[in-house]
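Peer 1: Input: one structure, supplied below.
2 protein chains.
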Amino acid sequence: MSKLPSLKNLSYLLALHQHQNFNRAAQASFVSQSTLSSGIQNLEEQLGCQLIERDHKSFLFTAMGEEIVERSRAILTSTEELVNYAQSQGNVMEGPLRIGCIPTIGPFLLGLLSKTLQQQYPKLELLIREDTTQQLMNFLRDGELDVLILALPVDLQGNQQWIVGKDPFKMVLAPAVAEIAGDPVNYNKLPDKSIFLLEKEHCMTGHAVTACRLGNKEKINPFTASSLHSLIQMAEALNGATFVPQLAIDAGILAGTDLVIKDPSDGEAYREIGLVFRPTTSRRQTFRKLAETLAELLPEATLR
Amino acid sequence: MSKLPSLKNLSYLLALHQHQNFNRAAQASFVSQSTLSSGIQNLEEQLGCQLIERDHKSFLFTAMGEEIVERSRAILTSTEELVNYAQSQGNVMEGPLRIGCIPTIGPFLLGLLSKTLQQQYPKLELLIREDTTQQLMNFLRDGELDVLILALPVDLQGNQQWIVGKDPFKMVLAPAVAEIAGDPVNYNKLPDKSIFLLEKEHCMTGHAVTACRLGNKEKINPFTASSLHSLIQMAEALNGATFVPQLAIDAGILAGTDLVIKDPSDGEAYREIGLVFRPTTSRRQTFRKLAETLAELLPEATLR
DNA sequence: AACGAACTATCAGTTTATCCGATTATAGTA
DNA sequence: TACTATAATCGGATAAACTGATAGTTCGTT
Numbered sequence: 123m124s125k126l127p128s129l130k131n132l133s134y135l136l137a138l139h140q141h142q143n144f145n146r147a148a149q150a151s152f153v154s155q156s157t158l159s160s161g162i163q164n165l166e167e168q169l170g171c172q173l174i175e176r177d178h179k180s181f182l183f184t185a186m187g188e189e190i191v192e193r194s195r196a197i198l199t200s201t202e203e204l205v206n207y208a209q210s211q212g213n214v215m216e217g218p219l220r221i222g223c224i225p226t227i228g229p230f231l232l233g234l235l236s237k238t239l240q241q242q243y244p245k246l247e248l249l250i251r252e253d254t255t256q257q258l259m260n261f262l263r264d265g266e267l268d269v270l271i272l273a274l275p276v277d278l279q280g281n282q283q284w285i286v287g288k289d290p291f292k293m294v295l296a297p298a299v300a301e302i303a304g305d306p307v308n309y310n311k312l313p314d315k316s317i318f319l320l321e322k323e324h325c326m327t328g329h330a331v332t333a334c335r336l337g338n339k340e341k342i343n344p345f346t347a348s349s350l351h352s353l354i355q356m357a358e359a360l361n362g363a364t365f366v367p368q369l370a371i372d373a374g375i376l377a378g379t380d381l382v383i384k385d386p387s388d389g390e391a392y393r394e395i396g397l398v399f400r401p402t403t404s405r406r407q408t409f410r411k412l413a414e415t416l417a418e419l420l421p422e423a424t425l426r
Numbered sequence: 123m124s125k126l127p128s129l130k131n132l133s134y135l136l137a138l139h140q141h142q143n144f145n146r147a148a149q150a151s152f153v154s155q156s157t158l159s160s161g162i163q164n165l166e167e168q169l170g171c172q173l174i175e176r177d178h179k180s181f182l183f184t185a186m187g188e189e190i191v192e193r194s195r196a197i198l199t200s201t202e203e204l205v206n207y208a209q210s211q212g213n214v215m216e217g218p219l220r221i222g223c224i225p226t227i228g229p230f231l232l233g234l235l236s237k238t239l240q241q242q243y244p245k246l247e248l249l250i251r252e253d254t255t256q257q258l259m260n261f262l263r264d265g266e267l268d269v270l271i272l273a274l275p276v277d278l279q280g281n282q283q284w285i286v287g288k289d290p291f292k293m294v295l296a297p298a299v300a301e302i303a304g305d306p307v308n309y310n311k312l313p314d315k316s317i318f319l320l321e322k323e324h325c326m327t328g329h330a331v332t333a334c335r336l337g338n339k340e341k342i343n344p345f346t347a348s349s350l351h352s353l354i355q356m357a358e359a360l361n362g363a364t365f366v367p368q369l370a371i372d373a374g375i376l377a378g379t380d381l382v383i384k385d386p387s388d389g390e391a392y393r394e395i396g397l398v399f400r401p402t403t404s405r406r407q408t409f410r411k412l413a414e415t416l417a418e419l420l421p422e423a424t425l426r
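Chain order of the listed sequences is E and V.
If you want the numbering used here, it's the position in the first sequence, counting the first as 1, plus 122.
If you want the numbering used here, it's the position in the second sequence, counting the first as 1, plus 122.
Okay, here's the thing in structure tokens:
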């Protein structure tokens, strides 16, 4: 049996991969540049293969290097999770839990969620980051977040997901448009360019929205909003209509507006909310409890 | 972020768990008893919790200790697999591969398998262990084997399985019995106590065998054989009949006997052969290629 | 062509961690 | 009581990790 590499050296490799620069990686690892340099060399020697190609000014990770980085990451996060588990005395709802969430869910759910969790598990230290799905996936991959709350479907990229519940879409219409829209809304009765949507990055791709996009292009206004709040303001100010998640409505996003809520014509108008996490995690128990708490706060729970 | 424990200390903990004795664990780890002792203490201090309860003469792992052992095992095997992968230059069919196999498969399949593998992947170092299913599962859990070849179904105990193919059961009868048995065999025409079976541990629990057990108890001889070879000898010597896997027949287990081969009456008379491995493994690519090679050698491949 | 900026590798010296052997302490056993 | 088996402890030796300074490379600028 050959000698195992040290976790420290593996972490140096990870830092180097993240920062693509010996100095910055060393700083991030709280060691000197020389330490990190020799650490990497040490690792290459122990593993008996080249991890990075040097060309004196810069360097590049080899394919093997990338693979080793992947595996090292899994090993290091497992070890961190072990330490975390031990220091929480085996209570899976203690210590830090780093959650990522998208902006069309976060503001309307996390307030209540963190309140509920704090009450139920007072020793849980919630750390929440709001960003786009893709950014959050990167943070998850890099081990900077433990679990994501996303709108499904999503490109899992090797991660695992649990569906937690559904969030129905409602149509929200300016009064003038509401009068002629019918109930549930008949898209054909709406004026051209009267439907406002979010930018694509927000992936509010519920069935209703997709159907609307495909079948009623002329009804859709070419301007897109960058947040739910501005979406609603646009709909109100320009006498239009839009789709808003039930979650946001429940959280009072329409307060102070005179918009009218109606059902979309498509009965399957909802988005699914899910938890996403690394398949190599050893915190499934924690995520399970999180999922249960989350499901109770959603309009329709469907834990699976 | 608190400091991570060293892999060495984790391995000391594993050794201690395996040997339940500081001296033997230290020997197995090639260190002195004092080193191991302080390593464990070190670990407990770093993790901030008690892993073993000492009562001056002996000790006991705490629940937390057991959990940490589990997790440490996953971390260490991942690291070993990383090293192995690197040292094989990323070629997943190089280096050691430790296979466990049950005795009703091993002698009839592994000869051909290892020959095929050696030819296709000359740098693969095959290590084969033959034992009961339960023993093999223990070796797998303890990281002493990488993958098992078993007859399904099997209690996975948290492991993962891939089904590789089917191995049909044939009936094998002494000539006198064969004459009256019909073709396919009608169990009712057989004399009482004329069917011989293996000991239960061998889990030759194909549908045919199970059906026969349930519906024709009086036909079954109360004596059980401890190997396929003795099973066949009993059937021949005592003018009886028995079930034998196609695999064993193909390998020539009936050579030199005057037994007659017939189909069992049940059309679904087969056992499934599968690969079983730890869910935390990072050698799926290796196992995949093994599965493909294996499937080609089985009477009926059904890779899934 | 010369210079400086941005890099990584190397080296000598220091600090830290690991390990061993001997010893102590405890409990069970002959 | 002496003996055996066991784990914890301690001082000193050894090996590993780390640092700061320096060397050497490349690239862009003057």
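Note that the Cβ used here is the ideal one computed from N, Cα and C, for glycine as well.
For V:V366, which beta-bridge partners are listed by DSSP?
Peer 2: Counting from 1 along the second sequence, the entry for residue 366 of chain V is found at position 244. Partner(s): V:K292.
Peer 1: Can you give me the Cβ contacts of E:N131 inside the same chain, cut-off strictly under 7 angstroms, excluding the 5 residues immediately before and after it?
Peer 2: As a working note, residue 131 of chain E is residue 9 in the first sequence. The answer, listed in chain order, is G161, N164, L165.
Peer 1: Compute the beta-carbon to beta-carbon distance between V:S200 and E:R193, rounded to the nearest angstrom, for a pair I have assumed lies under 8 angstroms.
Peer 2: Mapped onto the second sequence, residue 200 of chain V falls at position 78. Mapped onto the first sequence, residue 193 of chain E falls at position 71. V:S200 to E:R193, Cβ: 7 angstroms. Contact.
Peer 1: Go through its chain and collect everything with a Cβ distance to V:Q283's Cβ below 6 angstroms, but skip five positions before and after it.
Peer 2: On the second sequence, residue 283 of chain V is found 161 positions in, with the first residue counted as 1. Cβ neighbours of V:Q283 beyond the five flanking positions: G396, V398.
Peer 1: Here's a check: name, in chain order, each residue in its chain whose Cβ is nearer than 8 angstroms to the Cβ of E:N361, leaving out the five neighbours to either side.
Peer 2: For this step, residue 361 of chain E is matched to residue 239 along the first sequence. Result list for E:N361: A296, A298, V299, S316, in chain order.
Peer 1: Under 8 angstroms between beta-carbons, which chain E residues line up against V:I162? List them in chain order, please.
Peer 2: As a first step, residue 162 of chain V must be located in the second sequence, where it is residue number 40. Chain E residues near V:I162: none, gap ~13 angstroms exceeds 8 angstroms.
Peer 1: Which one or two residues does DSSP pair with V:V398 in a beta bridge?
Peer 2: Within the second sequence, numbered from 1, the residue matching residue 398 of chain V stands at position 276. DSSP output for V:V398 lists V:L270, V:Q283 as bridge partner(s).
Peer 1: What separation, rounded to the nearest whole angstrom, lies between the Cα atoms of E:D314 and E:N343?
Peer 2: Numbered from 1 along the first sequence, position 192 holds the residue referred to as residue 314 of chain E. Numbered from 1 along the first sequence, position 221 holds the residue referred to as residue 343 of chain E. Straight-line Cα distance between these residues: approximately 8 angstroms.
Peer 1: In chain E, which residues lie less than 7 angstroms from V:E418 when you measure between Cβ atoms?
Peer 2: Counting from 1 along the second sequence, the entry for residue 418 of chain V is found at position 296. Those within 7 angstroms of V:E418 in chain E number zero; the least Cβ separation is about 28 angstroms.
Peer 1: Between V:R251 and chain E, is the shortest Cβ-Cβ distance under 8 angstroms, so that the two count as touching?
Peer 2: Against the second sequence, residue 251 of chain V aligns to sequence position 129. Cβ-Cβ to chain E under 8 angstroms: no for V:R251.
Peer 1: CA-CA distance, E:F261 and E:G287?
Peer 2: Numbered from its first residue, the first sequence carries residue 261 of chain E at position 139. Numbered from its first residue, the first sequence carries residue 287 of chain E at position 165. Straight-line Cα distance between these residues: approximately 24 angstroms.
Peer 1: Spell out whether any CB of chain V is found under 8 angstroms from the CB atom of E:P127.
Peer 2: For the purposes of this step, residue 127 of chain E is identified with residue 5 of the first sequence, where counting begins at 1. At least one chain V Cβ lies under 8 angstroms of E:P127.
Peer 1: V:S124 touches chain E at which residues, Cβ-Cβ below 8 angstroms?
Peer 2: Residue numbering aside, residue 124 of chain V sits at position 2 when the second sequence is read from its first letter. Within 8 angstroms Cβ-Cβ: V205, Q209.
Peer 1: Output, in chain order, the set of chain V residues within a Cβ distance shorter than 8 angstroms of E:E197.
Peer 2: By 1-based counting over the first sequence, the position of residue 197 of chain E is 75. The amino acid at residue 197 of chain E is misidentified as Glu; the sequence shows Ile. Simply I197, S200, T201, L204.
Peer 1: According to a CB-to-CB cut-off of less than 7 angstroms, which residues of the stretch 377-393 of chain E neighbour chain V?
Peer 2: Answer in chain order: no residues at all.
Peer 1: I need the DSSP call for V:A347, collapsed to helix, strand or coil.
Peer 2: Taking the second sequence and counting its residues from 1, the one referred to as residue 347 of chain V is at position 225. Here V:A347 sits in strand by DSSP.
Peer 1: Would you tell me roughly how many angstroms separate the C-alpha atoms of E:I224 and E:N281, rounded to the nearest one?
Peer 2: On the first sequence, residue 224 of chain E is found 102 positions in, with the first residue counted as 1. On the first sequence, residue 281 of chain E is found 159 positions in, with the first residue counted as 1. Rounded to whole angstroms, E:I224 to E:N281 spans 17 angstroms at the Cα level.
Peer 1: Hey, out of V:H351, V:I371, V:S404, whose CA is closest to V:V205's CA?
Peer 2: By 1-based counting over the second sequence, the position of residue 205 of chain V is 83. It is V:S404 whose Cα lies nearest to the Cα of V:V205.
Peer 1: Quick check on V:H351: buried or exposed, where buried means 16 or more other Cβ atoms within 10 Å of its Cβ?
Peer 2: Residue 351 of chain V sits at position 229 when you count from the first residue of the second sequence. With fewer than 16 other Cβ atoms within 10 Å, it is exposed.
Peer 1: Nearest chain V C-beta to E:I190 closer than 8 angstroms, yes or no?
Peer 2: Here residue 190 of chain E is taken as the residue at index 68 of the first sequence, counted from 1. Closer than 8 angstroms to some Cβ of chain V, the Cβ of E:I190 qualifies, so yes.
Peer 1: Starting from V:M186, find everything on chain E with Cβ-Cβ shorter than 9 angstroms and list it in chain order.
Peer 2: Looking up residue 186 of chain V in the second sequence gives position 64. Near V:M186 (Cβ distances below 9 angstroms), the residues of chain E are Y207, A208, Q211, G212.
Peer 1: In chain V, which residues lie with their C-beta within 7 angstroms of the C-beta of E:L169?
Peer 2: Counted from its first residue, the first sequence places residue 169 of chain E at position 47. Going along chain V in sequence order, the residues near E:L169 (Cβ under 7 angstroms) are V205, A208, Q209.
Peer 1: Could you have a look at E:G265 and say whether DSSP puts it in helix, strand or coil?
Peer 2: As a first step, residue 265 of chain E is located in the first sequence; it is residue number 143 there, counting from the start. Three-state DSSP puts E:G265 in coil, outside helix and strand.
Peer 1: Can you list the residues of chain V that E:R193 reaches, using a CB-CB cut of under 8 angstroms?
Peer 2: For this step, residue 193 of chain E is matched to residue 71 along the first sequence. Here the neighbours are S200, E203, L204, Y207, S404.
Peer 1: Quick one: measure Cβ to Cβ for V:M293 and V:F318, integer angstroms, because I've assumed they're closer than 8 angstroms.
Peer 2: Residue 293 of chain V sits at position 171 when you count from the first residue of the second sequence. Residue 318 of chain V sits at position 196 when you count from the first residue of the second sequence. Incorrect: roughly 11 angstroms between the Cβ atoms, too far for contact.
Peer 1: Hey, out of V:E202, V:V191, V:T379, V:A148, whose CA is closest to E:S128's CA?
Peer 2: Your numbering for residue 128 of chain E matches position 6 in the first sequence. The candidate whose alpha carbon is nearest that of E:S128 is V:E202.
Peer 1: What do you get for V:T424, buried or exposed, if any count of 16 or more other CB atoms within 10 angstroms of its CB means buried?
Peer 2: Here residue 424 of chain V corresponds to residue number 302 of the second sequence, with the count starting at 1. So V:T424 counts as exposed.
Peer 1: Would you check if the distance between the CB atom of V:L135 and the CB atom of V:I190 is smaller than 8 angstroms?
Peer 2: The sequence position of residue 135 of chain V within the second sequence is 13, counting from 1. The sequence position of residue 190 of chain V within the second sequence is 68, counting from 1. Going by C-beta atoms, V:L135 is nearer than 8 angstroms to V:I190.
Peer 1: Under three-state DSSP, which class holds E:L416?
Peer 2: Here residue 416 of chain E refers to the residue found at position 294 when the first sequence is read from its first residue. In this structure, E:L416 counts as helix in the three-state DSSP scheme.
Peer 1: In angstroms with no decimal places, state the Cα-to-Cα distance between V:K179 and V:S133.
Peer 2: Position 57 of the second sequence holds residue 179 of chain V. Position 11 of the second sequence holds residue 133 of chain V. Using only the alpha carbons, I get a separation of about 23 angstroms.
Peer 1: Determine the extent of the alpha helix (DSSP H) in which V:I102 is found, giving its start and end residues.
Peer 2: The question about residue 102 of chain V has no answer here: the residues shown for chain V are numbered 123 through 426.
Peer 1: Given V:L182, which residues of its chain have a CB within under 7 angstroms of its CB, disregarding the five upstream and five downstream residues?
Peer 2: Residue numbering aside, residue 182 of chain V sits at position 60 when the second sequence is read from its first letter. Hits under 7 angstroms: I174, E175.
Peer 1: Counting along the chain, where does the beta strand (DSSP E) carrying E:E175 start and finish?
Peer 2: Here the question's residue 175 of chain E lines up with position 53 in the first sequence. E:E175 -> beta strand (DSSP E) spans 174-176.
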